[in-house]
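>
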Amino acid sequence: MSARGELFTYADAAAQVRAALPPSYGVTRAPDGVIDVRDERQKLVCRIRVRVLAGGSQWLTLTPLRGYERKCERIRCWLERGGLRPSWQWKQARVPMVVDEPANVAAARVLQRLLEIQQANLPGVLVGEDPEFLHDLRVANRRARSVVRQMRAAFLPEPAARIVAELRWLGAQTGATRDLEVLLVTLDPATAELAPVRLLLERRLARARAEMTVTLRSPRAAQLDRTLTRLAQDAAQRAPAAALPVAELAAARIRRLHRSIVRAGGAISAPMEPQAYHALRKQGKELRYLLELFGLALFDNTAVSELITALKELQDVLGRHQDCAVHATTLRQLAPELAAQAGGAAALLATGAVIARLETQQAEAREHFESSFNVFASARQRKLVARVFD
Amino acid sequence: MTNPQRDTRVIATYNIKGGVGKTSAAVNLAYLAAAAGHQTLLWDLDPQAASTYLFRVRPKVKGGGRGLLRKRNSARDHIKATDHERLDLLPADFSYRHLDLALDQFKKPAARLRKVLAPLRADYDYIFLDCPPSISLVSEAVFEASDALLVPVIPATLSSRAYEQLEELTRAGKVGRRSGTATFAFFSMADVSRPLHLQVMERLRGIDQLTVLGVAIPTADEVELMGEERNPVNVFAPASAAAVAYVALWTEIERRLRPSAPPAGS
Ligand SMILES: Nc1ncnc2c1ncn2[C@@H]1O[C@H](COP(=O)(O)OP(=O)(O)O)[C@@H](O)[C@H]1O
Ligand SMILES: [Mg+2]
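Chains as they are written, first to last, in our numbering: chain H, 1 to 390; chain W, 1 to 266.
1. Can you determine whether any heavy atom of ligand 4 sits closer than 7 angstroms to the C-beta of H/A140, and answer yes or no?
2. Suppose only complete runs of 3+ residues qualify. What are the beta strand (DSSP E) ranges in the segment 196 to 236 of chain H, listed by chain order?
3. Relative to the C-alpha of H/G26, which residue among H/D390, H/K43, H/D32 is closest?
4. Can we say the segment 217 to 233 of chain H touches the segment 161 to 173 of chain H, given the rule of at least three CB pairs closer than 8 angstroms?
5. Name the chain H residues whose beta carbon is nearer than 9 angstroms to that of W/V57?
6. Would you decide whether W/I207 is buried or exposed? Buried here means 16 or more other CB atoms lie within 10 Å of its CB.
7. Just to confirm my understanding: we take H/A297, look at its own chain, exclude 5 residues before and 5 after, and list those with CB closer than 8 angstroms. What are they?
8. Sorted by chain position, which residues of the same chain lie with C-beta nearer than 6 angstroms to H/R320's C-beta, five sequence neighbours on each side aside?
9. Strictly below 9 angstroms CB to CB, what residues from chain H border W/K80?
10. Rounded to whole angstroms, what's the CA-CA distance from W/A237 to W/A243? Just pull it up for me.
11. Quick one: Cα of W/G37 to Cα of W/F55, how far?
12. For a minimum of 3 consecutive residues, which ranges assigned as the beta strand (DSSP E) are wholly contained in the segment 17 to 79 of chain W?
13. Could you give the uninterrupted runs of the alpha helix (DSSP H) lying entirely in the segment 43 to 115 of chain H, keeping only those of 4 residues or more?
14. Look at the Cβ atom of W/A148, then the Cβ atom of W/L69, and state whether they are nearer than 8 angstroms.
15. Between H/L280, H/M151, H/P336, which has its C-alpha nearest H/P245's C-alpha?
16. Is the segment 21 to 34 of chain W in contact with the segment 43 to 54 of chain W, if contact means three or more CB pairs nearer than 8 angstroms?
17. Return the residues of the segment 70 to 97 of chain W that lie within a Cβ-Cβ distance of less than 7 angstroms from chain H, sorted by chain order.
18. Is DSSP giving H/Y289 helix, strand or coil here?
19. Which word fits W/A172, buried or exposed, when buried means at least 16 other C-beta atoms lie within 10 angstroms of its C-beta?
20. When the Cβ atoms of the segment 121 to 132 of chain H are set against those of the segment 260 to 269 of chain H, are three or more pairs found closer than 8 angstroms?
21. Our contact map puts W/T181 next to W/F128 with C-beta atoms below 8 angstroms; I'd like the distance itself, whole angstroms only.
22. Just the C-alpha distance for H/R220 and H/E116, rounded to the nearest angstrom, thanks.
23. Since W/Y246 is in the alpha helix (DSSP H), which residue starts that stretch and which ends it?
24. Would you say H/R281 and H/Q315 are within 8 angstroms of each other, going by their C-beta atoms?
25. With DSSP as the reference, identify every bridge partner of H/R29, one or two as the case may be.
26. H/A350 lies in the alpha helix (DSSP H); which residues open and close that run?
27. I want to know whether the segment 176 to 187 of chain H touches the segment 153 to 164 of chain H - three or more CB-CB distances under 8 angstroms.
28. Nearest to H/E181 by alpha carbon, out of H/A303, H/V125, H/N104?
29. Looking at ligand 1, does it come within less than 7 angstroms of W/N15, judged from the CB to the closest heavy atom?
30. With distances taken Cα to Cα, identify the nearest neighbour of H/F376 among H/T302, H/E306, H/A165.
31. Helix, strand or coil: how does DSSP classify H/I163 here?
32. Measuring only the C-alpha atoms, how far is H/D300 from H/R74?
33. Look at the alpha carbon of W/V138 and the alpha carbon of W/L99, and state the distance between them as a whole number of angstroms.
34. What are the residues that DSSP puts in a beta bridge with W/V153?
35. Name the DSSP beta bridge partners of W/L87, please?
Written out as structure tokens, the structure is:
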């Protein structure tokens, strides 16, 4: 089990674990922030690593010893029963809502949840060991912005605009780090000639991460959670369309976005500008968030899932296209610096090969675009949208 | 079938007699092998489950010995990590008392254990077999599967007779049939203050056909205490004479099994 762990807010992890488990389990503190859990025969069955001690919260990772996976699952259950929150709760952005609930109330609840997730991942990002914290933070950040933009009729314009600005600021601080982390993973570590490239990228990543950490520890960042929460409360009050049932507003936005993407994609004639794909992808993301956060909660689940599946397919293609473009650009920018390095010539050649591969992949994505777009824009899907979000 | 990067050695602690120090040796030596950085597995073949107990593991294998022998790769699913890094255990099970009957159902019963161990060679540098005290189809299968038999001998007349039985067995060609199976005897629970022990040790060392290792394990409270501590001696009494003797014994065994390898710790 590659457990990701739990984030919770208790002062002493070992004491909490001991309190959560039945007395037949032995809990002892081992060096290096590890907690050992033993069963009734005093056999070590599970190691818990305490990862983060920042902002009063701790992130626990459970690692079972071989052959004790089921016991470790039971321990996990006890911990959850004892009040520790499992990691999926920090990914799960959906909140319950009812169809005729006022739009501002429901949308504010979704926004609050996303801000909570963003905040929960911040300590993990600052520690910087696991890229997944940053990924989850960025997803929550984009989703939150999207909710404010798409459901804007439910929010007061002035505070809403400030929320988006604050969120965009936070998102912008983390982009470079994320891009470099992803690019480094895609470079084959077995190719020796690429070692100088990796070195340069790792140096850049270290710099980007250092800059990011400084901003994320700045007073503005420290205030961010409180600022956003206050703004979210302000924004949700007395907006023009606040009393509109949430289902009505969400349905209108989904219909509109869907139509707009169908139109934009249909107008695409190959060869197209990369920007057009990028714009399409951004719209696709907005639609996906609406479908996931409001569609699944309020409408026919089977139908919405089918829409999401087709959209996901399209987004994958567009995402690959965009990633290749970003990575190729970054690698091209390295060339002058790379040429000056030891082994630079060989590295340049190898980088050229990587860029060529990225361009091939990009071309492939462009070829796949049409078929996945045709599914997304098919009569069946359009009828589904019309029926469900009527 | 085997991982070319690993040159696995299978070592069985064996003696027809019980209570001579087979389990104590298997547990301590396996621990030392793992501590030196080797991926190590100990298979507790004795239904009495003494080594399983010492590693605090429940003596239970779902499907029993029969299941282990029958299904390919089944052994892997029953392996438990011990509390010690790199040291895994394949636990004992009560059903092992009928292991010879289970073996007998195969066409080549004596080759069966080697077959079961084959896929594990990719994962382990050393595989220890802690054997029950008997002479049966199980021991035959153990001989076939092992690179080395490690025979603890208490240097008192009575039990050296047990070793003489093994000697006969060797001569009968049963043990060393598969070429390359080495037999190492070592003195266990030796008490050098007793003239009888010294006498027996000297006599046995004088037998040419017999490989007696230089290191003897002394009688020591710490070895007995393993039952209470449920840990290898090197974990709870690393400075004791017994712990030091096991380290020396392991060094000697490893040197004999891998003559070209650098000494442990380097
Ligand atoms: N060197 C020793 N000094 C003192 N007691 C020992 C020593 N070796 C083994 N014993 C004890 O003798 C008993 C039998 O040893 P064990 O290793 O289980 O033998 P076997 O596996 O051959 O039956 C155990 O109680 C063990 O603690
Ligand atoms: Mg034994």
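Backbone N, C-alpha and C define an ideal beta-carbon position, used for all residues, glycine too.
Judging by the given coordinates:
1. No copy of ligand 4 appears in this structure; the ligands present are ligand 1 and ligand 2.
2. none
3. Your numbering for residue 26 of chain H matches position 26 in the first sequence. Checking every option, the nearest Cα to that of H/G26 belongs to H/K43.
4. Yes: at least three Cβ pairs fall under 8 angstroms.
5. For the purposes of this step, residue 57 of chain W is taken as residue 57 along the second sequence, with counting starting at 1. Those are R41, K43, G67, listed as they occur along chain H.
6. For the purposes of this step, residue 207 of chain W is identified with residue 207 of the second sequence, where counting begins at 1. When all chains shown are included, W/I207 counts as exposed.
7. On the first sequence, position 297 is the one that residue 297 of chain H refers to. Answer for H/A297: R94, V95, P96, M97, listed in chain order.
8. Here residue 320 of chain H refers to the residue found at position 320 when the first sequence is read from its first residue. The answer, listed in chain order, is A365.
9. What you label residue 80 of chain W is simply residue 80 of the second sequence in a count that begins at 1. Within chain H, the residues near W/K80 are K43, L65, R66, G67, Y68.
10. For this step, residue 237 of chain W is matched to residue 237 along the second sequence. For this step, residue 243 of chain W is matched to residue 243 along the second sequence. Answer to the nearest angstrom: the Cα atoms are 7 angstroms apart.
11. One-based indexing of the second sequence puts residue 37 of chain W at position 37. One-based indexing of the second sequence puts residue 55 of chain W at position 55. As the crow flies, the alpha-carbon of W/G37 is around 19 angstroms from that of W/F55.
12. Counting only unbroken stretches of 3 or more residues, the beta strand (DSSP E) elements lying wholly within the segment 17 to 79 of chain W are 40 to 44, in sequence order.
13. Runs found: 69 to 81.
14. The residue given as residue 148 of chain W occupies position 148 in the second sequence. The residue given as residue 69 of chain W occupies position 69 in the second sequence. Their beta carbons are not under 8 angstroms apart, which means W/A148 does not touch W/L69 by this criterion.
15. As a first step, residue 245 of chain H must be located in the first sequence, where it is residue number 245. Ranking the options by Cα distance to H/P245, first place goes to H/M151.
16. yes
17. For the segment 70 to 97 of chain W, residues whose beta-carbon sits nearer than 7 angstroms to a beta-carbon of chain H comprise I79, K80, A81, D83, D88.
18. If you number the first sequence from 1, residue 289 of chain H lands on position 289. DSSP places H/Y289 in helix when its eight states are reduced to three.
19. Counting from one through the second sequence, the residue named residue 172 of chain W turns up at place 172. Reliability of the predicted coordinates at W/A172 is poor, the pLDDT of 47 falling under 50, and the value obtained from them is presented with this limitation in mind. It counts as exposed.
20. Contact between the segment 121 to 132 of chain H and the segment 260 to 269 of chain H is absent, because fewer than three Cβ pairs lie under 8 angstroms.
21. To locate residue 181 of chain W, count along the second sequence from 1; it is residue 181. To locate residue 128 of chain W, count along the second sequence from 1; it is residue 128. Actually they are not in contact, since the Cβ atoms of W/T181 and W/F128 sit about 15 angstroms apart, beyond 8 angstroms.
22. For the purposes of this step, residue 220 of chain H is taken as the residue at position 220 of the first sequence. For the purposes of this step, residue 116 of chain H is taken as the residue at position 116 of the first sequence. Their Cα atoms are separated by approximately 17 angstroms.
23. Stepping through the second sequence from its first residue, residue 246 of chain W is reached at position 246. Note, W/Y246: alpha helix (DSSP H), 241 to 257.
24. Here residue 281 of chain H refers to the residue found at position 281 when the first sequence is read from its first residue. Here residue 315 of chain H refers to the residue found at position 315 when the first sequence is read from its first residue. Their beta carbons are under 8 angstroms apart, which means H/R281 touches H/Q315 by this criterion.
25. The count along the first sequence starts at 1 and reaches residue 29 of chain H at position 29. Answer is H/I35, bridged to H/R29.
26. Position 350 of the first sequence holds residue 350 of chain H. 344 to 376 is the span of the alpha helix (DSSP H), which, as asked, contains H/A350.
27. The segment 176 to 187 of chain H is not in contact with the segment 153 to 164 of chain H.
28. Within the first sequence, residue 181 of chain H is the residue found at index 181, counting from 1. Minimum Cα distance to H/E181 is reached at H/V125.
29. Counting from one through the second sequence, the residue named residue 15 of chain W turns up at place 15. Answer for W/N15: yes, Cβ within range of ligand 1.
30. Counting from 1 along the first sequence, the entry for residue 376 of chain H is found at position 376. The option with the nearest alpha carbon to H/F376 is H/E306.
31. As a position in the first sequence, residue 163 of chain H is number 163, starting the count at 1. Of the three classes helix, strand and coil, the one that applies to H/I163 here is helix, per DSSP.
32. Within the first sequence, residue 300 of chain H is the residue found at index 300, counting from 1. Within the first sequence, residue 74 of chain H is the residue found at index 74, counting from 1. Each residue's alpha carbon lies about 35 angstroms from the other.
33. Position 138 of the second sequence holds residue 138 of chain W. Position 99 of the second sequence holds residue 99 of chain W. So the two alpha carbons sit approximately 7 angstroms from each other.
34. What you label residue 153 of chain W is simply residue 153 of the second sequence in a count that begins at 1. For W/V153, which the question treats as bridged, DSSP gives the partners W/F187.
35. Sequence index remark: in the second sequence, residue 87 of chain W carries index 87 (1-based). W/L87 is bridged to W/T40.
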